[in-house]
Every structure is written in C-alpha cells, then in structure tokens.
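Student:
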Amino acid sequence: MIPLTLTIGLIYGVTGLIGKDYDMPVAVLSALTLGLAVDFAIHFLVRAREIHAEQGDWAATTKLVFAEPARAISRNVIVIALGFTPLLAAPLVPYNTVGVFLAAILAFSGLATLLILPALIRVFEKFLFRSNRSRRRVMRRRTALFLTFLLGGAWLGANPVAAAEPPDVDRIVQETNRVAYYQGDDGRARVKMTIRDAKGRERVKEFTILRRDEPGEDRDQQFYVYFHAPSDERGTTFMVWKHLDRDDDRWLYLPALDVQKRIAATDKRTSFVGSHFFYEDVSGRRLTDDRHELIEETDTYYVLKNTPKDPSLVEFDSYTMWIHKATFIPVEVKYEKGGEVYRVAKVLGVEEIQGHVTVVKSQMTDLRTGGSTTVEYADVAYDIGLTDDLFTERYLRTPPAKYIR
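Count the sequence shown with our numbering and you get residues 319 to 723, in order.
Structure, rendered in structure tokens:
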C-alpha cells in the first residue's frame with residue numbers, strides 16, 4: 319500500500335496544484351495504471367518473501383531480489399511507460415495529458431517499489447517475515463526426520479560412535495572428514511555437473527573421478543578427474559596429490575592447447591572448471607587449517623563453526639556445518655564473510671553403496687551472484703583396486719581407459 323499511497327499522493331496532488339481537471343479519460347486510464355503499480359509492489363513482496371524463506375536474512379535476500387525480480391519490474395516500468403509517450407505527439411491536448419499522467423504514475427510507482435519498499439522491509443523485517451522463520455523451523459525438522467528415516471535406523475545400531483556418548487569436537491571433525499573423503503581404500507564415480515547462472519541458463523559437464531588413499535591411518539590421497547563433456551572440454555584432466563603435512567600438489571591438462579600446468583596452492587579457493595565448487599571442495603580441506611567449535615547439538619545434528627587459523631589464505635571468515643549425527647554426513651555448510659552468509663553447500667541425495675552411506679547429489683549456491691552448481695554421482699564403486707602409478711603426470715595426457723569409460 320505504501321508505494322501506491324505515495325504515488326497517488328504525488329501524482330494527484332500535482333494534478334490538483336497545477337489546476338488540471340480530473341476528467342473521465344484521466345479517471346479511467348489512471349485507475350488501470352494504478353493497478354499495474356499495485357502489481358509491481360505485490361510481485362516484489364511475494365518474491366522477497368519466497369527468497370527470504372530460503373536465505374533467512376534480508377541482507378542476503380536483497381542481493382537475490384535485485385538480481386531478478388527487481389530487474390523484471392524495472393523493464394516493465396520502462397517498456398510500459400515508454401508505450402504511453404507517443405501520446406505526447408498527438409494533436410489533442412487531452413491525449414498529451416493522459417500520456418504524461420500515466421507515464422508518471424508508472425515511473426514513480428516503480429521507483430517507490432524498488433527504493434522505498436526495501437528500506438521499509440529492512441526496518442520491519444522481524445514482523446514481516448515472522449512466518450518464514452516458522453516455516454524454516456518446520457522444514458529443518460522435516461529434513462531431519464527424512465534423513466533420520468533414510469540414514470538412521472540400522473546405522474544407529476551399526477555405528478558405535480553415534481550410539482555412545484557424544485564425541486568431542488575433534489572426533490566429530492575426523493569422522494565427518496572420513497565419511498566425506500575416506501570411505502573405502504579407493505573409489506570411482508561418474509559425475510554430472512549442472513552449472514546455472516542467475517538467469518537460469520545452464521551448462522552441463524560430465525566427468526569421471528578416481529580417488530585412492532595411501533596405506534596407513536593418517537593417509538595422503540590422490541584424485542584424478544577426466545572430462546567427457548562438453549565436447550570442447552573432452553580430455554581435460556585434473557589431478558591432486560593431497561598431503562596432510564604440506565600444501566597439496568595439483569595439475570591441470572588442457573588438450574585444446576596441449577598445455578599441462580601446476581595449479582598453485584593459492585588457487586585452491588578458486589572455481590573448479592567454471593563451477594561454483596572450488597578446487598578445495600573436490601579434494602577436501604585439511605582439518606588442521608581450522609579451529610573447530612561445537613556451537614549447537616540437536617537430536618539430529620552436530621552444528622560446528624569452523625574458523626581459519628590463517629584468514630589471509632581464504633576468502634571466508636568462518637563456515638558452519640550441520641552434521642547428521644547418525645552418519646556424520648555434512649548435510650549443509652554455510653560460508654560467512656563480514657557476518658553475512660554468501661555461499662551454501664547442501665546434500666540433496668544419499669544412498670547406501672557397498673555398505674557406505676554415500677552422497678549422490680549435492681549443490682553449491684553463490685548467494686552473491688544467484689548462481690548454483692548441482693552435482694550428481696552415478697556408477698559409484700569402492701575398492702576397485704586403483705594403483706598409485708595411475709596418479710602420475712603421464713596419465714594426464716593418456717587417461718587410464720579401463721577406469722574412465
């Protein structure tokens with residue numbers, strides 16, 4: 319109502335001050351135009367409410383609202399307002415008046431919606447979005463119940479860590495890292511990666527990922543990634559030697575240029591092949607790089623806050639993990655900078671494969687740009703007998719056909 323009230327007050331007030339008659343054409347057409355002004359405000363509020371329900375914070379919501387809904391409103395205002403401007407060239411004064419009047423209503427109502435509404439929402443956020451908080455609590459409870467039924471049951475009996483007393487923070491972190499990166503002695507999966515931008519445009523990449531663990535308790539690892547699609551990236555390979563006591567070694571081979579290069583350790587927090595995942599998301603982050611704090615424990619989750627020991631090496635201030643207690647799968651991870659969540663990872667699908675609870679679908683979202691990347695894993699297999707000679711530089715150019723078909 320506020321943008322509409324301000325529009326009516328300004329436009330009709332100016333009309334009265336200049337002594338313009340409120341005739342029938344103005345009355346009828348202005349009513350129709352004010353209806354469009356109402357639509358602008360309703361569209362903005364509905365989309366803001368939907369996005370806020372997902373983000374839980376108006377600062378994060380604002381960026382996404384102005385990435386798409388606000389752009390659509392702006393375009394409508396410009397197109398429709400300009401549509402009335404030909405009336406200014408009409409030989410009759412009433413047509414000129416109607417053109418100016420209606421264009422002014424649309425322009426001012428659009429500006430009021432985009433400039434005044436966000437400020438008012440910021441002030442009254444806790445009152446306007448009260449139901450969103452309730453909805454998020456309900457959704458989190460539903461997610462917890464879903465995962466408990468899907469992953470719990472037998473695992474509560476099979477996993478002595480979950481059935482015993484709550485482990486300390488270090489134990490939680492170690493078990494979470496084991497489940498995420500160390501199940502079986504080696505593994506293979508066919509991966510479909512769908513990259514979406516804020517406008518909904520998609521790019522799809524397909525690759526095979528191989529992983530091998532060194533023998534021993536505290537183990538280094540090797541990763542090998544071979545791209546099948548798109549066609550212009552087919553044959554691209556990426557390899558990591560993950561070390562627990564020093565910086566990881568990373569290589570990338572680009573067949574189109576016939577270039578093989580080392581990836582600097584400082585690049586591990588950059589985009590992995592144009593997706594919203596980072597190189598470090600693929601191979602994992604060293605546990606000793608962060609300080610870990612258990613900030614909450616529910617019936618279903620351990621909630622851990624992780625703070626980097628050397629902030630200069632990363633782009634985040636901290637990240638918070640919701641770890642499923644029965645399986646130690648990190649169901650959700652939120653990265654923060656300056657008190658604002660800007661990056662969110664979520665698990666969307668889980669299956670039991672060869673006795674291992676395995677994530678088969680996940681998503682990374684960049685709240686600043688509105689883009690996201692969804693990853694789906696198929697043909698997952700563990701303990702397939704990978705040898706260390708597969709993870710050498712010569713296989714960057716000549717991939718092991720037996721494992722990447």
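The C-beta atom is built at its ideal place from N, Cα and C for all residues, glycine as well. Every value quoted in this text rests on a predicted model; they were computed, and no experiment measured them.
1) With Ile527 and Ala507 assumed to form a contact (beta carbons below 8 Å), what rounded beta-carbon distance in angstroms separates them?
2) If we require 3 or more residues per run, which beta strand (DSSP E) segments fall completely within the region 534 to 574?
3) Could you tell me which of His674, Gly673, Val675 and Val693 sits nearest to Met682, measuring between CA atoms?
4) Can you check whether the CB of Val558 is closer than 8 Å to the CB of Gln540?
5) Can you name, in chain order, every residue of its own chain whose Cβ lies under 6 Å from the Cβ of Lys664, other than the five neighbours on each side?
6) Could you spell out where the alpha helix (DSSP H) holding Ser636 opens and where it closes?
7) What is the residue span of the beta strand (DSSP E) that Gln578 lies within?
8) With a Cβ-Cβ cutoff of 8 Å, do Arg580 and Arg564 count as a contact?
9) Quick test of the definition: if touching needs 3 or more C-beta pairs under 8 Å, does the region 606 to 613 touch the region 701 to 708?
10) Would Gly502 and His642 be called neighbours here (beta carbons separated by less than 8 Å)?
11) Which runs of the beta strand (DSSP E) at least 3 residues long sit entirely within the region 640 to 723? Give them in chain order.
12) Note the first and the last residue of the continuous beta strand (DSSP E) segment covering Asp531.
13) Find out if the Cβ-Cβ distance for the pair Thr710, Ser593 is shorter than 8 Å.
14) For the alpha helix (DSSP H) containing Ile490, name the first residue and the last one.
15) Hey, could you find the ends of the beta strand (DSSP E) Asp266 is sitting in?
16) In angstroms with no decimal places, state the Cα-to-Cα distance between Gly688 and Ser392.
17) Mind checking which residues open and close the alpha helix (DSSP H) that includes Asp503?
18) Would DSSP call Lys517 helix, strand or coil?
19) Which one of Tyr695, Lys652 and Glu658 has the shortest CA to CA distance from Gly667?
20) Can you tell me which of Arg661, Asp697 and Ile647 puts its alpha carbon nearest to the alpha carbon of Ser589?
21) Out of Val678, Ile439, Asn394 and Leu433, which one is the CA nearest neighbour of Ala421?
22) Under a Cβ-count criterion, where at least 16 other Cβ atoms within 10 Å of its own Cβ denotes burial, should Ala430 be classed as buried or exposed?
23) Have a look at the DSSP bridge pairing and note the partners of Ser589.
24) Which partner residues does Lys623 have in the DSSP bridge list?
25) With a threshold of 6 Å on Cβ separation, who are the neighbours of Val543 within its own chain once the five nearest residues in sequence on each side are excluded?
26) Roughly how many whole angstroms lie between the Cα atoms of Val659 and Tyr620?
27) So the candidates are Pro629, Thr494 and Glu551; which of them puts its Cα closest to the Cα of Asp608?
28) Report the three-state DSSP secondary structure of Thr810 (helix, strand or coil).
29) For Thr512, which beta-bridge partners are listed by DSSP?
30) Is it buried or exposed, Lys652, if we count other Cβ atoms within 10 angstroms and call 16 or more buried?
31) Report the three-state DSSP secondary structure of Thr380 (helix, strand or coil).
32) Do you know offhand how far Gly438's Cα is from Thr512's?
33) Using a Cβ-Cβ cut-off of 7 Å (strictly less than) and excluding sequence neighbours within five positions of Ile722, which residues of its own chain qualify?
34) Beta-carbon within less than 7 Å of Arg451's beta-carbon, same chain only, minus the 5 sequence neighbours each way: which residues are those?
Tutor: The structure says:
1) Indeed, because the Cβ distance is near 5 Å, the residues count as touching under 8 Å.
2) DSSP runs (the beta strand (DSSP E)) wholly in the region 534 to 574: 539 to 547, 555 to 560 and 567 to 572.
3) For Met682, the closest C-alpha among the options His674, Gly673, Val675 and Val693 is that of Val693.
4) Cβ atoms of Gln540 and Val558: closer than 8 Å.
5) Here the set comprises Glu650 and Gln681.
6) Taken as a continuous stretch (DSSP letters only), Ser636 belongs to no alpha helix (DSSP H), being part of the beta strand (DSSP E) at Ser636 to His642.
7) Element bounds for Gln578: Val577 to Ile581.
8) No; because the gap between Cβ atoms is not below 8 Å, this pair is not in contact.
9) In short, these stretches do not touch, since the Cβ pair count stays below three.
10) For the pair Gly502 and His642, the CB atoms are not nearer than the 8 Å cut-off.
11) Those beta strand (DSSP E) runs which fall completely within the region 640 to 723 and span 3+ residues are 648 to 655, 658 to 671, 674 to 684 and 690 to 700.
12) Start and end: Glu520 to Asp531.
13) With a cutoff of 8 Å on beta-carbon distance, Thr710 and Ser593 are scored as not near each other.
14) Here the alpha helix (DSSP H) through Ile490 covers Val487 to Tyr499.
15) Given that the chain is displayed from residue 319 to residue 723, the structure contains no residue 266 and the question cannot be resolved.
16) The straight-line gap from Cα to Cα measures roughly 18 Å.
17) Counting along the chain, Asp503 falls outside any alpha helix (DSSP H), and DSSP gives it neither H nor E.
18) Looking at Lys517 - three-state DSSP - the assignment turns out to be coil, as it is neither helix nor strand.
19) Closest in C-alpha terms to Gly667, from the list Tyr695, Lys652 and Glu658, comes Tyr695.
20) Nearest of Arg661, Asp697 and Ile647 to Ser589, Cα basis: Arg661.
21) Cα-wise, what sits closest to Ala421 is Asn394.
22) Answer is buried; the Cβ neighbour count reaches 16.
23) According to DSSP, which records beta bridges pairwise, Ser589 is partnered with Phe596.
24) Bridge partners of Lys623: Glu611 and Thr638.
25) Phe525, Ile527 and Phe556.
26) The straight-line gap from Cα to Cα measures roughly 19 Å.
27) Selected option, being the one with the closest Cα: Pro629.
28) The requested residue 810 is not part of the displayed model; the chain covers only 319 to 723.
29) Paired residue(s): Val522 and Thr692.
30) Around the CB of Lys652, 16 or more other CB atoms lie within 10 Å, so the residue is classed as buried.
31) In the structure shown, Thr380 falls within a helical segment according to DSSP collapsed to helix, strand and coil.
32) Here residue 438 turns out to be Leu, not Gly, going by the sequence shown. When rounded, the distance between both Cα atoms is 37 Å.
33) Around Ile722: Thr526 and Tyr544.
34) Confidence at Arg451 is low in this model, with a pLDDT of 47, below 50, so the placement of that residue should be treated as unreliable; the coordinate-derived value is given next. So the list is empty, once near-sequence residues are dropped.
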